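Here the sequence shown stands for residues -15 to 317, where the numbers follow the numbering used here. To start, the structure itself, in structure tokens.
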Amino acid sequence: MKQIALTGIKPTGQPHIGNYLGMIKPALELAEDYQALYFIADYHALTTVKNKKELEELTYQVAATWLALGLNLEEVIFYRQSDIPEVFELSWVLACFTSKGLLNRAHAYKTLVDENVAAGREEDKNINSGLYTYPILMAADILLFGTHIVPVGFDQKQHLEITRDVAMTFNKTYREVLVVPEAVIRKEVMTISGLDGRKMSKSYNNVIPLFAQSNQVRKQVMRIVTDSKRPEEPKDPDECNVFAIYRHFADADAVEAKRRLYLDGGLGYGDMKNELYELLESTFSKQREQYNALMENRNELDKVLEQGAEKARDIAVPILVKVRKAVGVTGSR
Ligand code: AMP
């Protein structure tokens, strides 16, 4: 039997090229060798998205994105987190094996605490408990399926370590009930930078959305921050936010030629941005059409996700029963 690869994406904004390069593309490639389970983490999104229509819309966007990018429904089990009630039962069990100190150090939570402190506010101001316990729910998402590998971007490395820690603590208390998963982080795409050079992230408002209309993509590309060097001046490509994105999409010869042009002088940032925009258009325009067609057919998306959830629960239920048996609660005999 194939090993299990599992990963998820939060519907908190339109999927962007950081999600694509850092996680979606590697995950689609892994689906050839693993039994892949890919899901939409809608209950995770509830920590920040508090508008029903918006959450529904973003969930469909994530579903349509995966499918337009080539997720094969014959091979991959594709579902919504909220369709798997077993996740939430396991989440409670795991909470009882997660030290509070581990959660205090989780970086998503710590970042918000640091922001509050820097602004002179009380340290937990506006931080809900869902956000604080997010790594436990994430551990449940993963451990419920006997997952072996989790393809993620670098920003999820620490959360994955928490999952491993929790699984090992559980196994030490009982026996080897849970599979301890490994993160798979591709070095060359572990952190894709955004328009301003920081990590591309919905929360920094510095993203290039994958399937926005082409004029919006163009607008975002033109917003990429550069220095003010003139075209004839030599430049360091590795310091340039435009090149940082370009090099993931152009072929190796084109990247090398551009690198030379940066170093020798003769390249204007405006031209470079135009070229990047054209490259993104040619890379994604076909898939964008598919994406738009899928977004017009939400009943079909619902159907696909419900069917995926049924298959996912076939894997999840026996593992949850094993956990119940191990700890000695109802249904354990
Ligand atoms: P999220 O949008 O936080 O649910 O992230 C979904 C997946 O995309 C996770 O595996 C992240 O690690 C990955 N990801 C998000 N932003 C980036 C980025 N800028 N570079 C690389 N991977 C990313």
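The beta carbon of each residue, even a glycine, is placed where N, CA and C say it ideally should be. Predicted model, so just to flag it, every value in this text is computed and none were measured.
Opening and closing residue of the alpha helix (DSSP H) in which residue i lies
i, result
"Phe62", "First-last for Phe62: Ile61 to Arg64, but that is the beta strand (DSSP E), not the alpha helix (DSSP H)."
"Pro302", "Arg282 to Val311"
"Pro165", "No alpha helix (DSSP H) contains Pro165, which DSSP labels as neither H nor E."
"Phe399", "Missing from the structure shown is residue 399; the chain here goes from -15 to 317 and no further."
"Ile360", "Missing from the structure shown is residue 360; the chain here goes from -15 to 317 and no further."
"Leu97", "Per the sequence presented here, residue 97 reads as Val, with Leu not at that position. Counting along the chain, the alpha helix (DSSP H) containing Val97 begins and ends at His91 to Ala102."
"Gln(-2)", "Unbroken run through Gln(-2): none, as it is neither H nor E."
"Pro10", "Lys9 to Leu14"
"Gly85", "Lys84 to Asn88"
"Leu74", "Glu70 to Ala79"
Buried versus exposed call for residue i [16 or more other C-beta atoms within 10 Å across all chains shown]
i, result
"Tyr188", "exposed"
"Lys257", "buried"
"Pro10", "buried"
"Cys224", "buried"
"Arg297", "buried"
"Thr157", "exposed"
"Val313", "exposed"
"Ala102", "exposed"
"Arg202", "buried"
"Pro69", "exposed"
"Asn190", "buried"
"Val307", "buried"
"Lys270", "exposed"
"Lys84", "exposed"
"Pro119", "buried"
"Trp76", "exposed"
"Gly137", "buried"
"Gln140", "buried"
"Gly178", "buried"
"Gln200", "exposed"
"Gly(-8)", "buried"
"Val205", "buried"
"Gly254", "exposed"
"Asn3", "buried"
"Val150", "buried"
"Lys186", "buried"
"Val60", "buried"
"Ala241", "exposed"
"Val305", "exposed"
Span of the beta strand (DSSP E) around residue i
i, result
"Phe195", "From DSSP, Phe195 is part of no beta strand (DSSP E); its letter is neither H nor E."
"Ala(-11)", "Ile(-12) to Ile(-7)"
"Ala20", "Gln19 to Ile24"
"Val134", "Ile133 to Pro135"
Below-7 Å beta-carbon distance, residue i vs any chain B residue
i, result
"Glu259", "Among the chains of the structure shown, chain B does not appear; only one protein chain is present."
Stretch-stretch touch, CB-based, cutoff 8 Å, three pairs: the segment -13 to 0 with the segment 31 to 42: Enough Cβ pairs lie closer than 8 Å, so yes.
Three-pair Cβ contact test at 8 Å for the segment 63 to 80 versus the segment 92 to 104: No, the segment 63 to 80 is not in contact with the segment 92 to 104.
For review: beta carbons within less than 5 Å of any heavy atom in the ligand AMP: Residues with a Cβ closer than 5 Å to any heavy atom of the ligand AMP, in chain order: Ile(-7), Lys(-6), Gly2, Asn3, Gly6, Met7, Val136, Gly137, Asp139, Gln140, Thr175, Ile176, Lys183 and Met184.
Ranges of the alpha helix (DSSP H) found wholly within the segment 204 to 271, counting only runs of at least 4: The DSSP assignment places complete alpha helix (DSSP H) segments of no fewer than 4 residues inside the segment 204 to 271 at 225 to 233 and 236 to 248, in order along the chain.
Three CB pairs or more closer than 8 Å across the segment 122 to 138 and the segment 160 to 170: Counting C-beta pairs with one atom in each stretch, the segment 122 to 138 and the segment 160 to 170 have three or more that are closer than 8 Å, which means they touch.
The segment 257 to 267 in contact with the segment 228 to 237 per 3-pair CB rule at 8 Å: Counting Cβ pairs under 8 Å, three or more are found: they touch.
Three or more C-beta pairs below 8 Å linking the segment 267 to 286 and the segment 42 to 55: Three or more Cβ pairs closer than 8 Å define a contact, and the segment 267 to 286 meets that threshold against the segment 42 to 55.
Segment contact flag, the segment 6 to 22 with the segment 171 to 183, C-beta cutoff 8 Å, min 3 pairs: Here the segment 6 to 22 makes contact with the segment 171 to 183; the two share three or more CB pairs at distances below 8 Å.
Ranges of the alpha helix (DSSP H) found wholly within the segment 30 to 57, counting only runs of at least 4: If one requires a minimum length of 4 residues, the alpha helix (DSSP H) runs lying completely within the segment 30 to 57 are 36 to 52, in chain order.
Contact the segment 145 to 153 vs the segment 106 to 113: 3+ CB pairs below 8 Å: Result no; under three Cβ-Cβ pairs closer than 8 Å.
Stretch pair the segment 208 to 222 + the segment 241 to 251: three plus CB contacts closer than 8 Å: A contact between stretches requires three or more CB pairs, one per stretch, nearer than 8 Å, and the segment 208 to 222 meets this requirement with the segment 241 to 251.
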